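Chains as they are written, first to last, in the numbering used here: chain A, 86 to 335; chain B, 4 to 254.
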Amino acid sequence: MKKIIEISAVSHTFDDGYVGIKNISLSIFKGEFIIIAGKNGSGKTTFLRHLNGLLKPDSGCLTVNGCDVKTNLIQTRKTIGMVFQDADTQIVGDTVFDEVAFGLENLKFNRAKINEKVTSVLKNLNLFHLKDRAPFTLSGGEKRRLAIAGVLVMDPQVIVFDEPFSNLDYPGTIQVLATIIDLNRSDHTIIIATHDVETVIYDATRIIIMEEGLIKEDGAPADIVRLLESCGIKEPCSSKFGLGIQPWLT
Amino acid sequence: MAYLTPFTYRKGESMLHLLDVRCKFFIICLLSMSMLSAHFLACCFYGLILFFFFKNSGLKMLSTLNHIKYFILLLFFIFAARALIVKGDILFSFYGLSITGQGLKEGILVSFKFFLVMITGVVFSSTTKPSCVKNAVQWFLKPVPFIPEKRVAIMISMALSFIPVILNQAHDISDARKARCADLQKNPVKKIIRLVFPLLKKTFLSADNIVLAMESRCYSDDRTGPEFIPSGREIYFLAASVILSSGLAWL
C-alpha cells in the first residue's frame with residue numbers, strides 16, 4: 086500500500102502549557118480506515134489538526150505524500166480534507182450550493198468547473214435537491230453530509246472526521262456512516278476521531294488509542310477491541326457478549 | 004431545525020428573485036434615500052407598489068408583521084415621541100404633556116416611512132442570497148482604492164450567514180434559562196446580562212471554529228470572483244426606480 090502520511094516524533098504544547106500530543110510517530114497508508122479513539126482530552130482533535138496543518142508541531146516532522154506540511158500547506162489541505170465536529174460552525178455558504186463551492190473558489194477554479202464539480206458532488210451525496218436551501222435549515226445528518234460535500238469537492242485523498250456522529254439522531258448517524266463507508270470504498274483514506282467506536286469499528290482496518298497525548302495502542306480492530314475499556318472507551322456490545330465485531334449498519 | 008425569519012432568503016422565481024443583485028442594491032439605496040423627503044401620498048403610492056412586489060415574492064403579510072412586532076413597537080414609540088415633541092395646535096393635554104395635530108401627522112409620516120423602508124429590506128433580503136449581496140458589495144467596492152473588497156465582501160457574507168445561527172443560539176440560551184425559572188427574574192438588566200454573556204462566549208467560540216474551518220479549505224483573499232446573471236429586465240427596473248424616486252423626492 087502507498088504511504089500517504091508520515092508522522093515522526095510530533096509533539097505539540099499549547100500556549101498555556103497544556104501538552105496536546107507527545108512524541109507521536111506513525112504512518113498512514115492509502116485506503117486505510119482508521120479510528121482514533123480516546124477519552125475526552127486525550128489529544129485526538131489536536132492530532133487531527135496537525136494532519137491538516139491547522140496546528141504546527143513544536144517538534145518532529147509531518148509529511149504528506151513526501152512533502153513537509155509546514156512548507157506545503159495548500160497542497161496538504163487539498164490532499165487531506167477535514168470535517169469538523171460542529172457542522173454549524175464549519176458551514177460558511179448561505180446556500181448548500183455555495184457552501185460546497187467555497188473550497189473550489191479558494192483554489193481559484195473557473196466558474197464553469199466549479200458548477201460542474203459541485204453539481205456532481207451534490208448528486209453523489211444525494212444533496213442536489215437541497216442545493217438552494219439555507220444550510221442552517223437542514224437536519225443534523227444533512228448538515229454533516231453537506232460538510233463532507235464541502236471537503237469532498239476538493240478531491241482529497243484522505244478525509245479526517247472529528248466526532249462525526251456527535252449530536253446526530255439514529256437516521257442521521259445511518260446517513261453519515263453510509264456516506265463514510267462509500268467514501269472508503271471509493272479509495273479514500275478515512276480517519277475518524279471518536280470516543281464511541283461501536284458505530285464504525287466493523288468497517289475500520291485499524292484502531293489507534295490515544296491517552297494523555299500519547300499513542301497507547303495501534304493495531305487491527307480484532308486485536309484491540311478487548312483493550313478498549315481499559316483505556317476508558319466503551320467496548321462494542323457484540324464483542325462484550327462474545328459475538329466478535331458485528332456491523333452496526335445492517 | 005432552525006427557524007426561518009422574514010429576512011431569510013427563500014428560493015423563488017419571482018421578478019425580484021431573478022433581478023441582478025447590483026440592480027436591486029442600487030434601487031434599494033435610491034428608494035430609501037428618496038423616502039426621506041417624500042410626502043404621505045407619495046409614500047402611499049410607493050407602499051402599493053411595494054405591496055405588489057411583496058406578494059409577488061411569495062411573502063406572507065401576517066407572518067412578517069408577527070416577526071417584526073418589536074420593530075413595530077419601536078415605530079409606536081417614535082410616533083408617540085413625535086406626537087409629543089413637535090410643536091403646533093394642541094389637540095389635547097394630560098399631565099402637562101400635549102399632543103399636537105402637526106405632531107400626530109409627522110409621527111404617522113415618519114413611522115410609515117420607517118415601516119416602508121423595513122418592508123423594502125424584508126423584500127430585498129428574502130429574494131436575495133447573502134452571497135449575492137456579498138458579490139454586489141465586492142463589485143461596488145472594486146473601484147474604491149485602499150479597500151480590500153474581497154475581504155470586506157466575505158466578512159459581510161459571513162455576518163449575514165451567521166445572524167440566523169446567532170439568533171438560534173440566543174433562542175436556545177433563552178429557553179435553557181426559562182427551563183430553570185429565569186422568568187421569575189424581573190430585573191431586565193440582569194435578564195439581558197445573563198443572556199448576553201453566554202451568547203457572546205458561544206459566538207466567539209463559533210468564530211474561532213469558523214476560522215479553522217475556512218483555513219482548512221484553503222481560504223485566501225485571492226479567490227474566484229463573483230458571477231452575476233442578469234435577467235434582462237434590469238434596465239426597465241432601473242428606469243422605473245429613477246422615475247419613482249424622483250416622484251417620491253419632489254411630489
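Glycine included, each C-beta is placed from N, C-alpha and C at the ideal position. None of these values were measured; they are calculated from a predicted model.
At the C-beta level, residue 236/B and residue 191/A stay beyond 8 Å of one another. Relative to the Cα of residue 161/A, the nearest Cα in the group 288/A, 244/A and 321/A belongs to 244/A.
Residues of chain A with a Cβ closer than 7 Å to the Cβ of residue 73/B do not exist; the shortest Cβ-Cβ separation is about 22 Å.
In this structure, DSSP gives residue 150/B a state outside helix and strand, which the three-state scheme calls coil.
Residue pairing by DSSP places residue 97/A opposite 106/A in a beta bridge. Bounds of the alpha helix (DSSP H) holding residue 18/B are 18-21. Within the same chain, 90, 161 and 164 come within 6 Å of residue 149/A by CB-CB distance, once the 5 residues on both sides are set aside. Fewer than three beta-carbon pairs drawn from the region 211-223 of chain A and the region 138-145 of chain A are found closer than 8 Å, and the two stretches are therefore not classed as touching.
In this model, residue 197/B and residue 16/B are separated by some 43 Å (Cα to Cα).
Proximity of the region 194-213 of chain B to the region 310-328 of chain A falls short of the contact definition, fewer than three beta-carbon pairs being nearer than 8 Å. Residue 67/B carries a helical assignment under DSSP once its states are collapsed to helix, strand and coil. The beta-carbon separation of residue 202/A and residue 189/A, rounded to 6 Å, stays under the 8 Å limit for a contact.
By the Cβ rule, the region 147-155 of chain B does not count as touching the region 50-65 of chain B, because fewer than three pairs are nearer than 8 Å. Residues of the region 251-277 of chain A with a Cβ closer than 9 Å to any Cβ of chain B: none.
According to the DSSP secondary-structure assignment, residue 153/A is paired through a beta bridge with 148/A.
Distances from the alpha-carbon of residue 151/A to those of 88/A, 126/A and 167/A put 88/A closest. In chain order, 212 make up the part of chain B whose C-beta sits under 7 Å from the C-beta of residue 171/A. Residue state for residue 335/A is assigned as coil, using DSSP reduced to three classes. Around the CB of residue 322/A, fewer than 16 other CB atoms lie within 10 Å, so the residue is classed as exposed.
Per the coordinates, the alpha-carbon of residue 118/A lies some 15 Å from the alpha-carbon of residue 167/A. Contact residues of the region 150-169 of chain B toward chain A are 160, 161, 163, 164, 167 and 168 (C-beta to C-beta distance below 8 Å). Neighbours of residue 248/A in chain B, taken as residues at a C-beta separation under 7 Å, are lacking, since the least C-beta distance is about 13 Å. Under DSSP, residue 111/A forms a beta bridge with 92/A. Counting only runs of 3+ residues, the beta strand (DSSP E) found wholly inside the region 59-122 of chain B occupies 93-97 and 100-103, in chain order.
Residue state for residue 169/A is assigned as coil, using DSSP reduced to three classes. Annotation: Cβ neighbours of residue 196/A in chain B (cutoff 8 Å, chain order): 227 and 230.
Interface annotation, residue 38/B: not in contact with chain A, CB-CB separation never under 8 Å.
Beta bridge pairing from DSSP links residue 245/A with 167/A and 276/A. DSSP places residue 291/A in the uninterrupted beta strand (DSSP E) bounded by 291-296. Within the same chain, Cβ atoms closer than 6 Å to the Cβ of residue 145/B are found at 152, the five residues on either side in sequence being excluded. Look at residue 219/B: its C-beta is under 8 Å from a C-beta on chain A. Within its own chain, the residues whose Cβ lies closer than 6 Å to the Cβ of residue 137/B, once the five positions on either side in sequence are excluded, are 156, 159 and 160, listed in chain order.
About 26 Å separates the Cβ atoms of residue 104/A and residue 213/B, ruling out a contact at the 8 Å cut-off. In this structure, DSSP gives residue 122/A an extended state, which the three-state scheme calls strand.
The C-beta distance from residue 82/B to residue 111/B rounds to 7 Å, short enough to meet the 8 Å contact threshold. Rounded to the nearest whole angstrom, the C-alpha separation of residue 230/A and residue 86/B is 55 Å.
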